[in-house]
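Residue numbers (the numbering used here): 41 to 447.
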């Protein structure tokens, strides 16, 4: 990793931050690979389908936690940063409190729409994760602002590794869908415990809404970008579940993640590292453009170096991880891995657009990828012959900044 970053046209601190995030993500991927070996043999496609719906609903609601409020603290000038931080802290509590209520309201609607009463409890329970965000979001923003990402990287790695281990353990004890959902609730406090001590800033005794309109204007563009990104990454789950059913969604969720999940975390780590790097040059358009260009070259170099081995090695690692029944069909993982290269460009572009939000750049987005549905026919080309098979593949839960879970 260090040798690769040394060849890229990026300054030392950015390369160090990117390296720390990358090393943490590699640890996450190793633990996730071990978890996948267990889950592929213990959970059924129906379990995966139900978990995919729960996590997809969560992702669509959780995108409003990636609302640019904390990002505005990273971008603030030294003179205004304290005022912005106090207002951002207040707004974060208001938004996250509202999201808990929204998630609880969405749960019965999703269960009714999909005719699956088993979805009610897990979807509602996932809303409790939002209460962790206000406890540490501003402290994380200050650490990003100062270019200190080691604590964020280490805490995220510990949280997700713990999530993966708990997932494997609960799957071993036969908890089914809850083996994927419950660990995310149990490990959520790790994020606050690990990142909050990383900066001295603490909120004043009284809340403040000074300058909230400026933060809201900045947040509007960020939320729009995140909405498009989340829809592109997750709407396929909803379409597959609605068109083909929960069990077919389980196959799709598992198989698609086999190609994307092993690399996508590193792409998202790049997004975390590049944002403060660009914010330092926000007042100099020439310098900002140069950093934007160099950052995108760095993103492309890292993505190609990571994706290419995965594509070439798919015929070997797919049977090893997911069982002999998929030996003849490694192409699905090669296609999914190839798609990661395009997601890398979008992930880097999303962060690069944030410092420019409010200047007209944040609205230019690509349209979401199109998705086609086919009737389920056991034994058809590209579809599993045995719907009861446990030797399946996997789909992602990757919450960029939520840092929680088996993804």
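Heads up, the beta-carbon is just placed ideally off N, CA and C, and yes, glycines get one too.
Item: Option nearest residue 83 by Cα separation, candidates 214, 98, 328; Value: 214
Item: Collapsed DSSP secondary structure at residue 313 in the structure displayed; Value: helix
Item: Same chain, Cβ closer than 7 angstroms to residue 201, five either side skipped, listed in chain order; Value: 67, 68, 71
Item: Any 3 or more C-beta pairs closer than 8 angstroms across the segment 182-191 and the segment 216-224; Value: no
Item: Where residue 284 sits in the DSSP three-state scheme; Value: helix
Item: Residue range of the unbroken alpha helix (DSSP H) whose run includes residue 168; Value: Here residue 168 belongs to no alpha helix (DSSP H), and DSSP marks it neither H nor E.
Item: Cα-Cα separation between residue 76 and residue 87, rounded to whole angstroms; Value: 14 angstroms
Item: CA-to-CA distance, residue 353 to residue 197, given in whole angstroms; Value: 25 angstroms
Item: Residue 87 (DSSP reduced to helix, strand or coil); Value: helix
Item: Residue range of the unbroken alpha helix (DSSP H) whose run includes residue 203; Value: 190-212
Item: Distance between residue 351 and residue 345 (C-alpha atoms, nearest Å); Value: 11 angstroms
Item: Distance, residue 57 Cα to residue 190 Cα; Value: 7 angstroms
Item: Check whether residue 110 and residue 241 have beta carbons under 8 angstroms apart; Value: no
Item: Helix, strand or coil at residue 327 [DSSP, three-state]; Value: helix
Item: Three-state class that DSSP yields for residue 112 in the structure shown; Value: helix
Item: Distance between residue 137 and residue 155 (C-alpha atoms, nearest Å); Value: 28 angstroms
Item: Any 3 or more C-beta pairs closer than 8 angstroms across the segment 167-183 and the segment 89-108; Value: yes
Item: Option nearest residue 207 by Cα separation, candidates 73, 53, 312, 355; Value: 73
Item: Nearest-angstrom Cα separation, counted from residue 192 out to residue 236; Value: 10 angstroms
Item: Collapsed DSSP secondary structure at residue 238 in the structure displayed; Value: helix
Item: Segments assigned alpha helix (DSSP H), at least 4 residues, entirely inside the segment 132-167; Value: 160-166
Item: Where residue 356 falls, given that 16 or more other Cβ within 10 Å makes a residue buried; Value: exposed
Item: Three-way DSSP call (helix, strand, coil) for residue 268 in this model; Value: helix
Item: Top-ranked residue by Cα proximity to residue 123, from 359, 212, 161, 250; Value: 250
Item: 7 angstroms CB neighbourhood of residue 287 in its chain, flanking five on each side removed; Value: 85, 86, 89, 427
Item: Own chain, CB closer than 6 angstroms to residue 53, minus 5 neighbours either side, in chain order; Value: 187
Item: Own chain residues within Cβ distance below 7 angstroms of residue 248, not counting five before or after; Value: 126, 127, 130
Item: Through-space distance from residue 272 to residue 263, alpha-carbon basis; Value: 14 angstroms
Item: Euclidean distance between Cα positions of residue 55 and residue 318; Value: 13 angstroms
Item: Proximity of residue 141 and residue 163 at Cβ, strictly below 8 angstroms; Value: no
Item: Own chain residues within Cβ distance below 6 angstroms of residue 400, not counting five before or after; Value: Annotation note: pLDDT 39 at residue 400 (below 50); position unreliable, coordinate value reported separately. Correct list: empty, nothing qualifies.
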